[in-house]
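Everything in the sequence shown is counted per this note's numbering, starting at 471 for the first residue and increasing by one.
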Amino acid sequence: MKHSLLIVEDDEATAAFLADNLAADGFGVACASGAAEGIRALEVRHPALVLLDLGLEEGHGLDLLDRVRAADASTSRFDPDLPVIVVTGRASEADRVRGFARGADDYLVKPFHYGELLGLAFKFQPPSAFKFFARSRAKNRTSIMPTQTADPVLYGRPDVAQY
Numbered sequence: 471m472k473h474s475l476l477i478v479e480d481d482e483a484t485a486a487f488l489a490d491n492l493a494a495d496g497f498g499v500a501c502a503s504g505a506a507e508g509i510r511a512l513e514v515r516h517p518a519l520v521l522l523d524l525g526l527e528e529g530h531g532l533d534l535l536d537r538v539r540a541a542d543a544s545t546s547r548f549d550p551d552l553p554v555i556v557v558t559g560r561a562s563e564a565d566r567v568r569g570f571a572r573g574a575d576d577y578l579v580k581p582f583h584y585g586e587l588l589g590l591a592f593k594f595q596p597p598s599a600f601k602f603f604a605r606s607r608a609k610n611r612t613s614i615m616p617t618q619t620a621d622p623v624l625y626g627r628p629d630v631a632q633y
């Protein structure tokens with residue numbers, strides 16, 4: 471069983487880096503490039519975790535977070551308690567406080583080391599997932615996210631859904 475997550479990120483290189491590494495570590499990965507695509511993906515894919523950029527070209531990441539947290543658990547197509555990790559370049563204390571106040575479960579500032587993100591992703595998985603991940607983890611991959619000039623090589627792979 472793959473434990474799924476949704477990456478909502480408008481930068482293709484960053485989304486590809488995250489999707490490639492997380493898929494190699496055993497996660498089922500879906501990608502969305504904007505808030506509206508993110509909502510559609512939440513309704514269809516039902517991920518166990520969301521990685522959310524705040525600076526989206528189409529809508530603001532906090533607007534998507536507000537929709538998730540305001541969802542009615544009995545009538546919505548997605549869980550209002552879904553774990554959401556904000557992954558963004560916005561590093562000020564005010565931005566972090568705003569993210570937590572709006573319902574972010576954690577906040578990671580770019581650039582970051584992949585191992586830190588992976589640790590946070592594990593944090594929000596059920597205990598039964600750890601044996602699965604221990605068996606599927608690849609070794610010696612890139613440990614820091616790419617710069618803006620990185621080549622997005624992942625899209626088109628069958629194990630990563632793009633919305």
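Ideal Cβ positions, reconstructed from N, Cα and C, are used throughout, including at glycine.
Among the residues of its own chain, which have a CB less than 8 Å from the CB of residue i, if the five just before and after it don't count?
{"i": "Thr551", "result": "First, the residue type needs correcting, since residue 551 is Asp and not Thr in the sequence shown. Within the same chain, Asp551 has close Cβ partners Ala543."}
{"i": "Glu527", "result": "Asp480, Ser503, Gly504"}
{"i": "Asp575", "result": "Pro553, Val554, Ile555, Phe594"}
{"i": "Ala586", "result": "The question names Ala, but residue 586 in the sequence shown is Glu. Once the five neighbours on either side are set aside, the close Cβ partners of Glu586 are Leu578."}
Tell me which same chain residues have a C-beta within less than 7 Å of the C-beta of residue i, skipping the five on either side of it?
{"i": "Leu588", "result": "Asp495"}
{"i": "Asp549", "result": "Ala543"}
As a quick exercise: from the options, pick the residue whose alpha carbon is nearest that of residue i.
{"i": "Gly504", "options": "Ala518, Glu482, His516, Pro517", "result": "Glu482"}
{"i": "Phe594", "options": "Ala489, Gly529, Ile555", "result": "Ile555"}
{"i": "Gly531", "options": "Arg547, Ala564, Ala506, Ala489", "result": "Ala506"}
{"i": "Leu488", "options": "Thr558, Ser546, Phe570, Arg547", "result": "Thr558"}
{"i": "Ala571", "options": "Gly529, His516, Asp536", "result": "Asp536"}
Taking DSSP as the reference, what is the three-state secondary structure of residue i?
{"i": "Leu522", "result": "strand"}
{"i": "Thr484", "result": "helix"}
{"i": "Asp575", "result": "coil"}
{"i": "Gly589", "result": "helix"}
{"i": "Ala541", "result": "coil"}
{"i": "Leu552", "result": "coil"}
{"i": "Gly496", "result": "coil"}
{"i": "Ala505", "result": "helix"}
I'd like the list of long-range same chain contacts for residue i, defined as Cβ closer than 6 Å, with 5 residues on each side in sequence excluded.
{"i": "Arg560", "result": "Leu524"}
{"i": "Gly508", "result": "Val478, Ala502, Leu534"}
{"i": "Arg566", "result": "Tyr577"}
Rounded to the nearest angstrom, what separates residue i and residue j at their Cα positions?
{"i": "Pro596", "j": "Ser562", "result": "31 Å"}
{"i": "Ala518", "j": "Ala591", "result": "10 Å"}
{"i": "Arg484", "j": "Leu521", "result": "Just to set this straight, residue 484 is Thr in the shown sequence, not Arg. In a straight line, the C-alpha of Thr484 is about 12 Å away from that of Leu521."}
{"i": "Gly569", "j": "His516", "result": "22 Å"}
{"i": "Arg547", "j": "Val579", "result": "29 Å"}
{"i": "Gly529", "j": "Ala564", "result": "20 Å"}
{"i": "Gly573", "j": "Thr545", "result": "20 Å"}
*Using 8 Å as the threshold, is the region 497 to 517 in touch with the region 474 to 481, meaning 3 or more CB pairs across them?*
yes
*Taking one C-beta from the region 490 to 501 and one from the region 529 to 540 each time, how about it: are there three or more such pairs within less than 8 Å?*
Contact fails: fewer than three Cβ-Cβ distances are below 8 Å.
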